[in-house]
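K.L.:
Attaching a single structure in structure tokens format; questions to follow.
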Amino acid sequence: MLDASECPPTYGVKPEMVVGLIAGGERALRFPIEGAEDNREQGKVDLQAVNFSEKDVLVGIAASGRTPYVLGAMEYAKQLGATTVSIASNPNSAMAQIADIAIETVVGPEVLTGSSRMKSGTAQKLVLNMLTTASMILIGKCYQNLMVDVQATNEKLKARAIRIVMQATECEREVAEDTLKLAENNAKLAIMMILGNLDKQKAEDLLSQNQGRLQKALK
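Here it is as structure tokens:
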């Protein structure tokens, strides 16, 4: 859920591109909903509620690798023909048997036996970071190691957008600020304008022709 919520501001994607679901719904993020994870059918129902299809990828997450809610969701995704991935902390789990790709974060016993929110949860969060980061790089949401599609919606992110443009183009701060104003705070567009020596419209056209991939558009 945390990783999904960070994708729109970091990469400029729509909220529905990366969706996090949890047994018990959003209330379970703040309060314990005991027993919700045992409802196998609800996993399917929740996927249907977000219009999950065969074109999507499902990543099932459970430390044990056998949580009914997750298994139900994975079985439904498999029936649709969607790609399925499992992340579990036990090897050869029930989830791994369903998944097209099984990722096993075998971290050993927890400091408090059975408290999988500790080592298991931390390891799984790292894997999710890797999956979303790699995916966003592949679809052109990064340039070099810069988040060029960052949404500059507050003062901190506006300052970051300026630094990103400066680093990508090696320009002076004043140039970055002026170009970002012309580009309506779109860092990727500003970089395209500076490196390509282009006006806004031409830069937008080239990015559009190259599916938003800055590196490709600059060639």
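Going by the working numbering, the sequence shown runs without a break in its numbering and finishes at 219.
Ideal placement from N, C-alpha and C gives every residue a C-beta, glycine not left out.
Predicted model only: the values in this text are computed from it and were never measured.
Less than 8 Å separating the beta-carbons of K55 and Y76?
P.N.:
Against a cut-off of 8 Å, the Cβ pair of Y76 and K55 comes out as no contact.
K.L.:
Can you grab the Cα-Cα spacing for the pair A102 / V85, in whole Å?
P.N.:
The alpha-carbon atoms of A102 and V85 are separated by roughly 6 Å.
K.L.:
Do three or more CB pairs link the stretch 52-71 to the stretch 89-103 at distances below 8 Å?
P.N.:
Short answer: they touch.
K.L.:
Under the rule that 16 or more other beta-carbon atoms within 10 Å means buried, what is D199, buried or exposed?
P.N.:
By the neighbour-count rule (16 or more Cβ atoms within 10 Å), D199 is not buried but exposed.
K.L.:
Let me know the secondary structure DSSP gives L58 once reduced to three states.
P.N.:
If DSSP states are grouped into helix, strand and coil, L58 belongs with the strands.
K.L.:
Are R117 and A94 close, meaning C-beta to C-beta below 8 Å?
P.N.:
For R117 and A94, no; Cβs fall outside 8 Å.
K.L.:
Could you tell me if S89 is buried or exposed, where buried requires 16 or more neighbouring beta carbons within 10 angstroms of its beta carbon?
P.N.:
Counting Cβ neighbours within 10 Å, S89 comes out buried, since at least 16 surround it.
K.L.:
Quick check for students: name the residue ranges of the beta strand (DSSP E) that lie wholly in the stretch 7-79, counting only runs of 3 or more.
P.N.:
Counting only runs of 3 or more, we get 57-61.
K.L.:
Could you give the uninterrupted runs of the alpha helix (DSSP H) lying entirely in the stretch 171-218, keeping only those of 4 residues or more?
P.N.:
Counting whole runs of 4 or more residues, the stretch 171-218 contains the alpha helix (DSSP H) stretches 173-182, 187-196, 200-209, 214-217.
K.L.:
Quick one: any contact between the stretch 186-204 and the stretch 158-169, if contact means 3 or more CB pairs under 8 Å?
P.N.:
The stretch 186-204 is in contact with the stretch 158-169.
K.L.:
What residues are listed by DSSP as bridge partners for S86?
P.N.:
Bridge partners of S86: G60, A102.
K.L.:
Would the beta-carbon of D46 fall within 8 Å of that of L80?
P.N.:
Cβ distance not < 8 Å, so D46 and L80 don't count as in contact.
K.L.:
How would you call A73, buried or exposed, if buried means at least 16 neighbouring beta carbons within 10 angstroms?
P.N.:
A73 should be labelled buried.
K.L.:
Quick one: what's got a C-beta closer than 8 Å to L214's C-beta in the same chain, skipping five residues either side?
P.N.:
Within the same chain, L214 has close Cβ partners G140, Y143, V148, K188, I191, M192, L207.
K.L.:
Which of helix, strand or coil does DSSP assign to L112?
P.N.:
Correct three-state label for L112: coil.
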